[in-house]
Each structure stands twice: as C-alpha cells, then as structure tokens.
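K.L.:
Below: one structure in structure tokens.
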C-alpha cells in the first residue's frame, strides 16, 4: 500500500498548532525537572516552536497562554513570530494559578471573583484582537474536592452567566472554544467534566461557541472517536488538543500510548468532514515533555499526527461501506486495519524530501546544533516553567 | 438527628416503580440460576411486585417490557394489577433479543430492519394507550464490536430519523425517554453511550422527549450526581433507573455498592427540584437478583432509596449554603456528612408503623409465607427469565 | 524493514492453541445469536479448529473444556484430532454451570460442594492422562455479589486447601495453571482476582503450579506487559489466554482493541525468555465470536499474534539498550515504534507461500467452501453453545 | 445499636500515625496554594501534629520524611516531640526530588545512582536508630513515561538487588515496608505498581520486610479489602497509608470519597487479625489538604478512622457467619449494613468526654485559638511545602 498523490495533496494542507508551554519545563506535583536551554521568554518559546515547523512544515502557528505569554507589544511579538516563520494562534485564558481562583473562577460564588475572571477573558480577547487570533480557548480548573464544598448546580448556572458575558465580547470572526476535562486539579467534581456539559454550555451561547476535545480528558474506556463523530454531526467540534495517556491526563506525546486510537479518531475526523481546507476544526497539541527533550518531542508529535492522518486517509471507504452493508464484520474490520498497518513512513519521507524538507526531521534537527546553541546561550534568567 | 415531620411528609409522596423482569430469573453470560417460585407470566410478576408495595407502600406501579410482557388484553392486565394494589407503569421497548437486530435496530443500515424496530415502538405506544402509561422508555443494545464494523456517524443519523418517527406517534400526555449506557452488549461502540448523546438526541425531538439515567451505565469514576444536576438544570431528566455496581453494569441492589453515592445523587435530585409532588422525574428500579431472593431484594431496594432520600432531605441546606459562602470546606462537607451518617431507620420504622405498615418490611414479608406458597404453586410451565 | 531469516526461523516454532468453545455460539447475557454450521459435538469443534491450522500452520492443538467436551473415548477423540492434523491440548475444568456451584466451587463453605469440585478436577486429570495433555487450567467463577455474602478470608484459605488436593494428583509431567480474573460473573469480590493472588496460591503448591494470564482479565489501565515481565522473572508464567477488550472481559479477537498493547506484551515475552523452543509458556486463544464468523475469526486471531510476534522480534535490542543507557527517551521509544510500525504482512505472506501455505489464509479459507459445507450439513441436533 | 464497652476498650488502643508533610502546603501540578500559619520547620510540623493528638488521643506519633525533615540532632527532635505529647514514627525515604533520580533511584541503570539511593536509605536507617523508629517505609517514584524508555525486567532485577542491600542494614527490631502505587509520577510503567510486586519483592527479602497498602494507589474498581484479607493471610501486611480518592491518587481525607469502602477495609482488618494490641500492622494517614485547613483536616481524618473502626467492630460476626452458612445473601449483607448504618458518633462523643477529651474535637480545636496564633506567629521564612 503506498501513499497516493491524492492523499499527499490532502496532507499538504495539514496544520497542527503548537502550545507555547510545551517548550517550558513541566512535571508532576512531585517534581519538575529542569533542562538546559529551556526558554525564559515568550519569544524564546516561539523561536523553539519555529524549529518544529522548520523541519516538518506542519506547525505554522503557536498558541499563547495568558498570563504566561503576556508581553507589552503583541504587534512586535507577532512580527517576531513571522520573522521565525510562524504565526500566533489560539489564545488560552489560564485562570488556575491566581490565589483568587482557589475556589473557582467563572463559577465562583463571589461576584467579584467571577468578574475578575471575566475581565481576564476580556483581556485575552484584547490580545486576540492584537494578534489576529481566531480562537479563545477556555479551560477551567474550576471544581471542588469534597462533596458539599460547593453547590454543583449553582456553579453551573454561574458558569453559563459568565460565559455569556465573555461571548458577548467575542468578535464576529472570533470563536469561544470550551474545553472539558474529566478531573484534575479538582478531585470530587469538575464544572466542565465531559463533552455533554461543554456542548450544552456552548449551544446556549451561539454559533461561534464550540467544544474543544482534549484527547487525554476522558474517563477510562471512553470511546473518543464516537465523541468526535457526534460533535462533528452536531456542528460543534471546534478544536482538538492532542496528546496521549495511559491513566489520567498524562499529557504524553500524541500517539504514544495508543496509536490505534489516534488512527480511529482521525478516521472519524475525516469521515465527518473535520479535515481539509473547508474544515474549521483546529488541530493543536496540548502536551508536555517531563522527561524527554522538548523540541524533538514536539517534532515527533506532529509527525505522529501526520503519519496517522495519512493512514486514515488511505482507508478504502468504498470497500468499507460495501463490507458494512454485507454485515461482513471481519471484512470491514480488515479494511480498516489494512490502512492502519500500512507503513507510510518511507513514502512520507520521500514526499518530504520532494518538498525540500529533510526526510527525517528528527535527525535533521538533532544535526542542526540548535539544541546545543540554546543550551549554551540561555543561561541565567528564570526558565519558563509551568508556573512561569 | 431525628427525621422530622416535614421530611416524613415529603417521603409520603415517594414512589419507586418496579421492573417486571426483576422478578424473573436472571444471570450472567456464564449461567442463569433458577429458583423455585419464579413467575411464569406477566400476571405472576405483577403479583410479586404487589408484595413489595404491600409491605413498603413505596412501589405503586410496575414497568412492563415488551415483548416479554405482551398479553392479549391490557385492560384485563391493568385490572389484575389494580386488584393487587398496583398500576401498570412505564413501557420498555426491548429490541435486543430478536435475530433481526443482531447488527442494530433503530440504527440498522437496512431500512427494513429499522422499520421493524420503529413498528415495534408503535406497538409499545399502543400498549401505553391501552394501559394509560405515561413513558415509553427506549434502551438500545445497538452498537458494534469491532472498529470498522459499522459507520458510527451514519448510525447516529439514522437513530435520529428513527426516533423522530417514533416521537411523532407519542401522545400529548406521553413521553419518550431515552436511556444511555456506556457499553454492553456492544463492546467497541454503543450508539447511545453517554448522557450527552441522549441529551442531544432528545433535544432534537421536542419537549416530551427526555433522558433516562441508569445509575449503573457510566464509565468508571463518573460523577453521576453532576449529571443529575446538569440534566435537571437543562430540564431533561426524565427518569431514573436505580441499581448499583462495582465494575460494569452489575445491576446490583441500589445502594449496595456505594451508599454515599446514592446519597449524593438524591441530594442533587432534591436540590434541583427532581423530588416531590411537582416533579415529573420518574424513579424506577432496574436491577436483577442473580443470587439473592427476588421479592426481598426488591423490598430491600425500595427501602434503601427511601432511607437515603430521608437522609438527603435532612441536610441543613441553610447551614450548608453559609459554609459554602465562607469557603469553609470542612464545615460544608461536615454538614453533608452529618445527614448521611444519621441513622434514620428507627424513625422510619416508627413512621411506617404509624401508617399501618410493618416496621420491618423484610421480616414481615418473610413471615407472610408468600415465598413458600409461590414455590409450591408455581410448578411446571416456563419460568420467566431474561429471555422469557 | 524486512522480516529477516532469523525472525522467520523463530516464527516457525510458534504454536497457538485454540479453545474448542470458540467455535460454538456465544454471546452476552442479553442474547446469544445462532449461526448456521455451528458445531454440535466435540468432534465438529475439532474439525473446525483443524481448518485454522490447515491455513495457518499456527494452531496445532485444541484445548478442551470439561464437561462441555466430555466423550466416552478420549483415545478415539485424540485419533480424530490427529486425523484432522491437530492434537488435544490443555484441559479446562469448568465449574460455573452446575447449580451446586451457585455460591462457589473450590471455595465453597460446604465441604461436600468443595469435594464435588475437587472430584471434577480429578476427572479432568483423568482426561489429561487419556489425552496426554500437559496442562490443567483452572479458572474459577467463585466470588460474591454483595459485601457480607461470603467470608473473603475463609474462602481464600479453603481455596488453598482445595488446590493442594488437586495438585497432589497432578502428574509429574503435568502442570496446574491457575487463571485470575478481575470480575465477572461475581460482582463484588472474586476469589482469584489478580496475578498476585494466583501467584501466591501457586507458589504455595509447588514447581508445577503456574499462573495463567488472560489478557482481558485486568482492571482498566493495568500495564499487562509489566505482569508478563514480572511472572517470567519469578518463573511462574504458565500460559497466556489471548483476546482483547475495550471495557471488561469483552473476549474480542486478540489484537483488535489495542494492537500496540499486544506488541508490548509480546516484546516482554521475548525479552523475558517466554518465546521459542526452550520456553514452556503456552500460547492460547480464549475469546469468542459473538457477531463475526467463528473460523475466520480464529484465523484472523492467530495471524494477529504471528504478525505482532514478528514485529516484536524485529526490535533492534542492541540499539534499544544503548538508547536506554544514554537516557535517550525519544530515541529508545523510536526504536520500539520502528518495529511496531513495520508492515510485516507482505514478508509473512511470501514466507507462508514458500512453506506451501496460502499467502492469504483468510481468502483461502473463504474460497475453500468449508463454511458452506458445514452450514448445509450441520442441520438438526443441539448447537454447541456456551451452555452446551 | 449502641457502641458497647468491649468495642470502646478495643478502640482505646487505636493509634493512627500522622505524616509530617500533611501539615505543609500541597497541591497539584497546576498550583500549590499557600496558607497562613503553615509550618516552616520539622518542629513546627510536629507541633501541629501534636494538636491532632491533643484533641483526639488518636495520633500519638508522627512519620518523618527524609530529607524533608532532616535535622542535626534527632535526640533533640525526639525530645521536642515528647514535650508536645507525641513520638517520632516511621521514616520515609523520599527519592523523588533529586535531579539524579530523574530516570530512577533503586532501579536506575547506572550503579552510581543506585548506590546514591541505597546510601540515602542507609542514612534513613541511621535516623531510625536515632529516633527509635520501627519502620523504614520505601515508596519509589521509579518508572518510565514511554514504552521502550526503560527495560522493565532489568529494572525489577535491580530493584531486588538494591532492596537486598538496604534490608541487610535494617536492624533486628526494625522493618522495611515497601509501598506500591498504580501510577504517578510515572505514566507508562511503575516499578512497584501493585501489591503482587511488593509482595514478591518483600518475600524475597525476609520476615522483617512487609507490604504497605496505600488506599489511594489502586486501579479503578479494585477491591481493596480483598487485598487486605490476602496480605493478612500471607502475613505480609505491614502498614496502611490511609486517604481517599475519586479518580487517581487524590490524597483526600480518609473516608471522604467512599465511607462504605473504608468500613469494608476495616472489617477485613479486624477479621484478619490486623487490629488490636497484638497486631503489628501500622495505621497511618498519607494524604494532603490542598484546599481545606490542615490541622482540622487531620483531626477529621483520624475521627473518620475511629468512627468507622467502631462500626466495623460492631458487626455481629456470629449472626453473619450463620447467614453465610445458610446462603442467605440478603440476610448476611443486611447484618453488615446494620453496623455500617449505626450512628456511633453520639456514643463516641460521650466516651471521649468520659476520658477527659472534648466531645467534639473539631469544635474544641477551632475554639482553642491555635490556628490564629500560628497564623500570626509564623511569618517569614520558607513555608514547608511539597518541595520543602
């Protein structure tokens, strides 16, 4: 099975946004290990992200996290990015590291805290206006640790009110994308724990409010590709946060834990019209590299998505439909597996070379000396880490 | 802490519908153990269900499963029930034991099979018209076992079409209630796997389409009381199927596996207006008794719900709101736990006696000799079991 | 990456035992769907199993389940098998379908029931003596559904006593292999729920008592390859029951749900010395085919194991060890993934043809007409199903 | 049901060790919220722990974590503790916050790192010699994040070697207790992930090596009381780390998430001889208070254990055994539930007062002004937090 020209053409349009925080140090509650060369500024993060795009042509934009990536001049930051060959993308509104939000942000019982959180989102929209970003991504750490600690129902109502105020400020060409997460950092209840909640909340807002699906944010055993198919059907799949996990929200490299699951997800994306130039679904990474190198980790990740998209595009959909119509369970499954087991890597390497890229982006980056340079140069200052 | 008069008054209106199939034999794929006295007809199931109501005054109605409980004359069946002190309730449309549905019913690729399943629901509505039942409960076994076996997205679209046809037939005083289930009997994908799917489907139908929440049908770790709160908020909680589970859909006695979870669920029911004379939320059992006695199993179950409802009604909501407003995590949790740890059983027994019931319904039933009578009488014929 | 000669040589010795029950009808507690051509006798099951071996040269033996496969003359059954090109293998002692075992078999509180179960195992050993089988496989449905129903500790002690009596009868060239399972059919506690319990029990018996690892019998998220590595290290991995699952013990085709997990398992098998002519670890399938065709389902299964074993054998272990020593996380992971993503199927098809087999066993079987023949011939009689 | 004198006598001997780190700040990878009055030194932690004992008489000792609680003079620390009415207890050997252990400690491929970790345990034993502690508790963060990153089998062998060296240094009156954990901080494989691994490792060491069971360290759905019963049966249950969880290792207050599970665990502890003056099983808390007050959080926790122990002691074991023998499933379960639902709190409060303690320790502590004092006094310096 070879990757044909039609597939390659479709792959050409693929773009996977990188998260700025992936280039900083990260870890668990037990320990954040530091590494030489870790960025200290938003600019250094963007410069690193640009390396990923340089070797893969897959990641033309970088998502910002506010306040982590706050700068005085976003025009300047935008030009910096463009000078490095990338653009600024989605703006994430972090409301989980301020002491005021210990008991909630948009859901908080205290109107003053809610307003503070709403104002923070207004500020994010200002940033979007300055950067030309399309998407405001809202992920909330809001929740409680003990039964009784909060009023689950009241919090949901307040969430709806807060989101409505934010949505009213979102521009005509902009979108609000609401991410859900099963648990963590809250351990008893989370205010947006599942796709149903995100869907109900954004449906109440309007057409430019969408759901963000993070592949690591589900209960054990959840069939994620089903949710993909459902959200596409409902017209509410706004974006993906890709990563992988064995247990909880492990934030490992996308495709690392269960490659076949990634394949099934991408197959449903394509099946449902979520891939290609006409789709508005945003593909993003949202993962971190606690023990492995960060830039190569991101390169590996976008390649994983590209390779698996190629496999998903190679499914013989006519034959599959025929086998399904014949109730030929093994035949239908076999057609899907044929594409999954196809080794697309040599074809993609050749194609990459035909476009003036290195056949092996991992090796090319390693040989470039960039890692050594930043390790030597970035000495002193405060490393951008989780809390930066 | 004593159960006060206001709580007792509220408890008086509580009604928990019993499922006819709970009185038949049931089991796992490995073995169905038979027991003496097991009903052989719908009438015998109703007679058994009436025993539960006789000793508890908690279960005035019995849910039917069609085709299991098909009879020629539903008027007669209704009179039989009333003669025994109970009414006929929800009608369940079983579409999982006909060979035609091996690859789906309302979602099937073949229009003829879909129509057969739709017609079966029409028949169920006819039964409802005859019995005066309010709710048509739809639980589907539809799904696939292998990736590729079916077209997840197409099946969802077909489900919407089929449900719309059924809903068009539902009477002005009737409701369609769509149940979701995480998995089983399908092992790769289920067509209505979560509350979000059920909610999206019934929202597209109209006001008289609601969600049924079965407490055993969720992924591990799911916060069920959150879903209760959310569905009540959205005005879409139609009914409960109560049972409990340690692992999958174990269908154990409600409250047996995690009493505190049942308490939290009932607290959110009350908090969200789902309890009391003004609520339209139906309380039902949906569980089976594989190794324990069936009638006492049902008595134990309705008592569990009653006792836990009493505890949930005893939460000092003013004090709780104050503790929440003060961000007093331990105080708020403590107020909830105070109600949970209250031993309401003596007060409820006394109240029961004051209403002319036995204080200990389990003991009263055991002493009644009913079990011995049916064991002796119900000899010969085909026991009503899972496949009856 | 091509499958080299050394790998092919190792693959030549691979043997995967088939379970006789896989050829009978099976299903869930909701429904067992029947299919034309389903075997009605142990002989017909063996004939079907022989078809799998005929097209794959991978499954030279068939496991028996007693009492399902009881016959009057095991010599004759053995000759029948050999005439069809296969042998009789492991004997499974089913103790889950007799009414006496409703509350336990080897763990039962009643000494008479325990003795009955022990005697059944003695009978199984007699069968083994007659068939020349090496392994007595013990899987118990024993457990309880409700807290308090049984005495967990006492049951464990009785289990130890019962197993000791059985082990004393096991021949010098025979083994007792104890399988564990997380849950089902028991829903609160299971008497052998995890590898630790099986290990503790068989360690107390002696050298010829081993653990059986069924790949579908673990809690969500369990790292199965770790258990493989640990049991091989402890010298107690007796055999594998292969299958796959998304949720519970789904008993799907091995490799169908998570191919990468199967790869990792097989890699640890090889790493730990569990593969090859010197290993005593038995490879078996233990799965069923509820909606798909049974013989092709088994063919697909053994091919999945073979293909994944080929990939696992292709891991560049020297390079992997070097990358691990260099703490090169991405490099080490990449080396493993290189083998996983290798498409070994063309090479294996060519090799198969070089050995006089069909390159595509699935197609060859489909073309053979066997399925049509048995569908026409096997009419009347009682289909061998789960309860057969 | 009242708490009888015999039960109260047994409760008198109950002791639950407190972890020093519970009094410091803690949190998730997203944020550690600081609170006024948080200890800055081991002494301040001990002083806080002593408050818990003062109001409950339940926590006469404090566990140390090395290096967090390193001091120059352990005699002095011991005297400080005794002056505050408590003793120094178990010593925990933290090997997860040193950069050297990024890729493992006792399992590391590099002998130099392993020796460093072994030496750290030797240092811990020196501390034990100085403090008179009985138990060296070993919990390892060792594991890997990606398949291939490490050699699972080799790491297990190295773990055995390292533990053997440490065990050889453990004194005749001391014990090595090995804790297991399902996952976190490692996300692909953990070197001691389950009780089976801990059991196999400590069994190889000798009689003074035991297993530590942390109630939050299991896969979803795991029956923890079964493991309790099994480890007691095998004579290898060394100690408990109590806490509770809804999802992963949430480290919530013991009994907060699933009180009935705590009851079942304590019932099996008592059933298996793990409670009372003759038992060597250590009861400890191992939890943290991210959003709630810390000292009251610990008071609530030890009370939860005490109250649930009282309930477990109240089970009518004779009646239970009779019901089990009669295969009376509902009766046996009912006997267990009778004890669980008993409200022991009034009796325990009265008993507490009869011993000169406050009936309501939570209220007494709140009224004491201690919290206000430490909040005012402990200003400046470095708060003892997770990384302290």
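Chains as they are written, first to last, in UniProt numbering: chain A, 1 to 388; chain B, 1 to 388; chain C, 1 to 388; chain D, 1 to 388.
For glycine and all other residues, C-beta sits at the position ideal for the given N, C-alpha and C.
1. If we ignore side chains and look at the alpha-carbon of each, how far apart do residue 348/A and residue 360/A end up?
2. Determine, for residue 330/D, whether the minimum Cβ-Cβ distance to residues of chain B falls below 7 Å.
3. In angstroms, rounded to a whole number, what distance separates the CA positions of residue 372/A and residue 33/A?
4. Check distances from the C-beta atoms of the stretch 97-111 of chain D to those of chain A and list, in chain order, the residues that come in under 8 Å.
5. Taking residue 176/B as the reference, give the member of 149/B, 166/B and 244/B with the closest Cα.
6. Give the interface partners of residue 335/B over in chain A, defined as CB-CB distance under 7 Å, in chain order.
7. Alpha carbons only, please: which of 93/B, 73/B, 343/B and 31/B is nearest the one belonging to residue 19/B?
8. Please list the partners that residue 389/C has in chain B, where partner means a Cβ-to-Cβ separation under 7 Å.
9. Drop a sphere of 10 angstroms on the beta-carbon of residue 49/B, count the other beta-carbons inside from all chains shown, and report buried for 16 or more, exposed for fewer.
10. Can you name the start and end residues of the beta strand (DSSP E) that residue 54/C belongs to?
11. Which runs of the beta strand (DSSP E) fall wholly inside the UniProt domain "Xylose isomerase-like TIM barrel" (72-227) of chain D and span at least 3 residues, in chain order?
12. What's the C-alpha gap between residue 275/D and residue 299/D?
13. Helix, strand or coil: which one does DSSP assign to residue 268/C?
14. Would you mind stating whether residue 234/A and residue 204/B have Cβ atoms separated by less than 7 Å?
15. Please classify residue 9/A as buried or exposed, where buried requires at least 16 other C-beta atoms within 10 Å of its C-beta.
16. Counting only beta-carbon atoms, is residue 220/B nearer than 7 Å to chain C?
17. Could you pull the start and end residues of the alpha helix (DSSP H) that residue 9/B belongs to?
18. Mind checking whether residue 60/B and residue 86/B have CB atoms under 7 Å apart?
19. Could you work out which residues of chain C lie near residue 246/B, taking near to mean beta carbons separated by less than 8 Å?
20. Hey, how far is the Cα of residue 237/B from the Cα of residue 208/B?
21. Where does residue 252/A fall in DSSP's three states?
22. According to DSSP, simplified to helix, strand and coil, what is residue 304/D?
23. Could you tell me how far apart the beta carbons of residue 251/D and residue 284/D are, in whole angstroms, since I believe they sit closer than 8 Å?
24. Looking at C-alpha atoms only, which residue of 141/B, 163/B and 220/B is the closest neighbour of residue 187/B?
25. With 7 Å as the C-beta to C-beta threshold (strictly closer), list the residues of the stretch 296-319 of chain C near chain E in chain order.
26. List the residues of chain B whose Cβ lies closer than 7 Å to the Cβ of residue 258/D, in chain order.
27. Taking C-beta to C-beta, are residue 191/B and residue 231/B nearer than 7 Å?
28. I'd like the list of long-range same chain contacts for residue 254/B, defined as Cβ closer than 8 Å, with 5 residues on each side in sequence excluded.
29. Could you list the residues in the stretch 13-46 of chain D with a C-beta less than 9 Å from some C-beta on chain A, going in chain order?
30. Any beta-carbon of chain B closer than 7 Å to the one on residue 267/D?
31. Distance check for residue 152/A and residue 109/A, CA to CA, integer angstroms please.
32. Please classify residue 380/A: is it buried, with 16 or more other beta-carbons within 10 angstroms of its beta-carbon, or exposed?
33. Just to confirm, is the Cβ distance from residue 148/B to residue 350/A under 7 Å?
34. Along the chain, where does the beta strand (DSSP E) that runs through residue 238/D open and close?
35. In chain B, what lies closer than 9 Å to residue 141/C by C-beta?
36. Residue 296/C: buried (16+ other C-beta within 10 angstroms of its C-beta) or exposed?
P.N.:
Taking the definition as stated:
1. Counting from 1 along the first chain, the entry for residue 348/A is found at position 348. Counting from 1 along the first chain, the entry for residue 360/A is found at position 360. One C-alpha to the other measures close to 10 Å.
2. Translated into positions along the fourth chain, residue 330/D becomes position 330. Yes, its Cβ sits closer than 7 Å to a Cβ of chain B.
3. Here residue 372/A is taken as the residue at index 372 of the first chain, counted from 1. Here residue 33/A is taken as the residue at index 33 of the first chain, counted from 1. For residue 372/A and residue 33/A, the distance between alpha carbons rounds to 18 Å.
4. 97, 99, 102 and 103
5. On the second chain, position 176 is the one that residue 176/B refers to. Minimum Cα distance to residue 176/B is reached at 166/B.
6. Indexing the second chain from 1 puts residue 335/B at position 335. Simply 148.
7. Taking the first residue of the second chain as 1, we reach residue 19/B at position 19. The candidate whose alpha carbon is nearest that of residue 19/B is 93/B.
8. The displayed coordinates of chain C run from 1 to 388. Any statement about residue 389/C would go beyond what the structure contains.
9. Counted from its first residue, the second chain places residue 49/B at position 49. The residue in question, residue 49/B, is buried, as its Cβ has 16 or more Cβ neighbours within 10 Å.
10. Here residue 54/C corresponds to residue number 54 of the third chain, with the count starting at 1. Careful: residue 54/C lies outside any beta strand (DSSP E), inside the alpha helix (DSSP H) at 42-56.
11. 87-93, 135-138, 175-179 and 209-214
12. Position 275 of the fourth chain, counted from the start, is the residue given in the question as residue 275/D. Position 299 of the fourth chain, counted from the start, is the residue given in the question as residue 299/D. Looking at the two C-alpha atoms, the distance is approximately 21 Å.
13. Position 268 of the third chain holds residue 268/C. Three-state result, residue 268/C: helix.
14. Here residue 234/A corresponds to residue number 234 of the first chain, with the count starting at 1. Here residue 204/B corresponds to residue number 204 of the second chain, with the count starting at 1. Taking 7 Å as the Cβ cut-off, residue 234/A and residue 204/B do not qualify as a contacting pair.
15. The count along the first chain starts at 1 and reaches residue 9/A at position 9. Classification of residue 9/A: exposed, given that the 10 Å Cβ count is below 16.
16. Along the second chain, read from residue 1 onward, the residue named residue 220/B stands at position 220. Yes - at least one Cβ of chain C is within 7 Å of the one on residue 220/B.
17. Locating residue 9/B in the second chain gives position 9, where the first residue counts as 1. Element bounds for residue 9/B: 5-12.
18. Working through the second chain from its first residue, we reach residue 60/B at position 60. Working through the second chain from its first residue, we reach residue 86/B at position 86. Yes, the Cβ-Cβ distance between residue 60/B and residue 86/B is below 7 Å.
19. Walking along the second chain from the start, residue 246/B turns up at place 246. By Cβ distance, chain C contributes 183, 187 and 188.
20. Residue 237/B sits at position 237 when you count from the first residue of the second chain. Residue 208/B sits at position 208 when you count from the first residue of the second chain. Cα to Cα, the separation comes out at about 11 Å.
21. By 1-based counting over the first chain, the position of residue 252/A is 252. In this structure, residue 252/A counts as strand in the three-state DSSP scheme.
22. The residue given as residue 304/D occupies position 304 in the fourth chain. The answer is helix: DSSP assigns residue 304/D an H, G or I state.
23. Your numbering for residue 251/D matches position 251 in the fourth chain. Your numbering for residue 284/D matches position 284 in the fourth chain. No, residue 251/D and residue 284/D are not in contact; Cβ-Cβ is about 13 Å, not under 8 Å.
24. Taking the second chain and counting its residues from 1, the one referred to as residue 187/B is at position 187. Of the candidates 141/B, 163/B and 220/B, the one whose C-alpha sits nearest the C-alpha of residue 187/B is 141/B.
25. The structure shown contains no chain E; its protein chains are A, B, C and D.
26. Reading the fourth chain from its first residue, position 258 is the one you call residue 258/D. By Cβ distance, chain B contributes 258 and 260.
27. Within the second chain, the letter at position 191 stands for residue 191/B. Within the second chain, the letter at position 231 stands for residue 231/B. No, Cβ-Cβ distance for residue 191/B and residue 231/B is not below 7 Å.
28. Locating residue 254/B in the second chain gives position 254, counting from the first residue. Hits under 8 Å: 215, 242, 243, 244, 262, 285, 287, 301, 304 and 305.
29. 26, 27, 28, 29, 30, 31, 32, 33 and 34
30. In the fourth chain, counting from the first residue as 1, residue 267/D sits at position 267. So no, residue 267/D is outside the interface.
31. Numbered from its first residue, the first chain carries residue 109/A at position 109. Numbered from its first residue, the first chain carries residue 152/A at position 152. For residue 109/A and residue 152/A, the distance between alpha carbons rounds to 11 Å.
32. Numbered from 1 along the first chain, position 380 holds the residue referred to as residue 380/A. With fewer than 16 Cβ atoms within 10 Å of its Cβ, residue 380/A is classed as exposed.
33. Stepping through the second chain from its first residue, residue 148/B is reached at position 148. Stepping through the first chain from its first residue, residue 350/A is reached at position 350. No; because the gap between Cβ atoms is not below 7 Å, this pair is not in contact.
34. Numbered from 1 along the fourth chain, position 238 holds the residue referred to as residue 238/D. From DSSP, the beta strand (DSSP E) with residue 238/D extends over 237-242.
35. Here residue 141/C corresponds to residue number 141 of the third chain, with the count starting at 1. The contacting residues are 28, 30 and 31.
36. For the purposes of this step, residue 296/C is taken as residue 296 along the third chain, with counting starting at 1. By the 10 Å Cβ count, residue 296/C comes out buried.
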